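Undergrad: Mapping of the sequence shown onto the numbering used here: position 99 corresponds to residue 100, and the numbering continues sequentially without gaps. Just passing along the structure, written as structure tokens.
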Amino acid sequence: TGTASVNNGIPAGGMVLSATGTPVATLTGKAAVGNRLRIRFATTTVSYNNADMAITGTGWLLKNGLPNTSNWAGYTFNSERHPRTVLAWNATHLFLFVCDGRCYGIVGMTFHTSSSPPTATSTARGRTTSASRCSTYFPARRPTPIRPTWPPALASTPI
2 TGTASVNNGI PAGGMVLSAT GTPVATLTGK AAVGNRLRIR FATTTVSYNN ADMAITGTGW
62 LLKNGLPNTS NWAGYTFNSE RHPRTVLAWN ATHLFLFVCD GRCYGIVGMT FHTSSSPPTA
122 TSTARGRTTS ASRCSTYFPA RRPTPIRPTW PPALASTPI
């Protein structure tokens, strides 16, 4: 946690847990770096239950290719500049934007500026994944052809 959590590698089979407020005490009181955790997410969407990885965030930045301001205007930090990670896609491409914001001379992005790069590339949908005011980028595996549908069909994977 804190400064000890900056710029660390994510080992194979590892994960990043991020929390603010009351959940921080729950996480730090029950788990420590290096502990092996078992996490179970039960959803009513079967394809989510078979996912190899999951990304979460504040919400949809774009809707039908336009900034979805009504979705994020209520967040007090929506106009603050912070590191941001944005995942966006259209029928043929997947886009990942990562913007630092904690280094000298780098100021991060607001939600509005975060919604601009995907719009410029004519994407239909975009999602911010960095509501916790941090930005994480990791290559999950070697590049594979982008599937034209989202979310992709996933084979059943024991978790």
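Every residue gets a Cβ at the ideal spot worked out from N, C-alpha and C, and that includes glycine. Being a predicted model, the structure only gives us computed values, none of them experimental.
Nearest-angstrom Cα distance between P68 and G109?
TA: 18 Å
Undergrad: Can the beta-carbon of T59 be found less than 8 Å from the beta-carbon of R82?
TA: no
Undergrad: Can you tell me which of the three DSSP states G22 falls into?
TA: coil
Undergrad: Identify every residue that forms a DSSP beta bridge with C100.
TA: R85
Undergrad: Measure the C-alpha to C-alpha separation of G10 and V17 and round it to an integer number of angstroms.
TA: 10 Å
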